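Numbering (full-length UniProt numbering), first residue to last: 1 to 205. Note that beta-carbon positions come from the ideal geometry of N, C-alpha and C, so glycine has one too. The structure displayed is predicted, hence computed values, not measured ones.
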Amino acid sequence: MAQPLNYLKETPSQTAGPYVHIGCTPNFAGLEGIYDQDLGSGPMASDKTKGERITIRGFVYDGAGAPLKDALIEIWQADADGIYNSPSETRGAADPNFLGWGRCPGDMATGEFAFETIKPGRVPFRDGRLMAPHVTFWIVARGINLGLQTRMYFSDEETANAEDPVLARIEHRVRVPTLIGQRDGDTVRFDIHLQGDKETIFFDI
Numbered sequence: 001m002a003q004p005l006n007y008l009k010e011t012p013s014q015t016a017g018p019y020v021h022i023g024c025t026p027n028f029a030g031l032e033g034i035y036d037q038d039l040g041s042g043p044m045a046s047d048k049t050k051g052e053r054i055t056i057r058g059f060v061y062d063g064a065g066a067p068l069k070d071a072l073i074e075i076w077q078a079d080a081d082g083i084y085n086s087p088s089e090t091r092g093a094a095d096p097n098f099l100g101w102g103r104c105p106g107d108m109a110t111g112e113f114a115f116e117t118i119k120p121g122r123v124p125f126r127d128g129r130l131m132a133p134h135v136t137f138w139i140v141a142r143g144i145n146l147g148l149q150t151r152m153y154f155s156d157e158e159t160a161n162a163e164d165p166v167l168a169r170i171e172h173r174v175r176v177p178t179l180i181g182q183r184d185g186d187t188v189r190f191d192i193h194l195q196g197d198k199e200t201i202f203f204d205i
């Protein structure tokens, strides 16, 4: 017997909710003893790592301009020579003293995230042109159905940024600054805006 068309209804979509911290950063969530430390936490570079040390700091803001206090951010980047720590890397061996990947929950009181890393080298685009130094970001939080991907470039790399083939593809040039981290000494400030006039450019990857 045929059922009415409205008998089976679509279930609500799911978001990261509060459980992303329990699964990805259990120590941060107060569940100790699963890992000695949460995966991806701590400095990405050691004393032996080649390259210029930097700290990336920022907030993830919602459409009303308030910082999210439950966001989880991951970054992925090349080493100082532009080589990724990846099995698919074919251009040479990456710096064995550099992780190339980090994970950081936003501070539950302020929402700020921070990564201790190095400034990456330039990586070739698919056609061989060099991209400017950049760091790839992945953001999840409650209310975000799919993780958001974006990039952070460096304000002290104006020439390389002008040559970057990805930045060149952005039609609305007034939005390019949303991808530029502001350098101040060894700190780079990169705030991510989910909506609004300052909305960060996100990539469909």
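With a 10 Å radius around the Cβ and a threshold of 16 neighbouring Cβ atoms, residue 152 comes out buried. A straight-line Cα-Cα distance of about 13 Å links residue 85 and residue 121.
For residue 21, the uninterrupted alpha helix (DSSP H) segment begins and ends at 19-24. Fewer than three Cβ pairs drawn from the segment 141-155 and the segment 25-34 lie within less than 8 Å of each other, which leaves the two stretches out of contact.
Annotation for residue 55: 114, 115, 116, 117, 186, 187, 188 place their beta carbon closer than 8 Å to its own, counting only its chain and skipping 5 residues before and after.
Around residue 138, the same chain offers 73, 74, 75, 76, 147, 148, 149 as residues with beta carbons nearer than 8 Å, after the five sequence neighbours per side are excluded. No Cβ-Cβ contact shorter than 7 Å links residue 105 with residue 49. Following the DSSP letters along the chain, one finds residue 117 inside the beta strand (DSSP E) bounded by residues 113-118. Under the three-state reduction of DSSP, residue 49 is assigned to coil, being neither helix nor strand.
Per DSSP, residue 166 has no beta bridge partner at all. Cα atoms of residue 63 and residue 140: separation of roughly 15 Å, rounded to the nearest angstrom.
DSSP places residue 84 in no beta strand (DSSP E); its state is neither H nor E. For residue 39, the closest C-alpha among the options 103, 47, 71 is that of 103.
Counting of Cβ neighbours within 10 angstroms places residue 177 among the exposed residues, the total staying below 16. Note on residue 133: 16 or more other CB atoms within 10 angstroms of its CB, so buried under the neighbour-count rule.
With contacts defined as CB atoms closer than 7 Å, residue 82 and residue 123 qualify as a contacting pair.
Shown here, residue 142 sits in coil according to DSSP, grouped into three states, outside any helix or strand.
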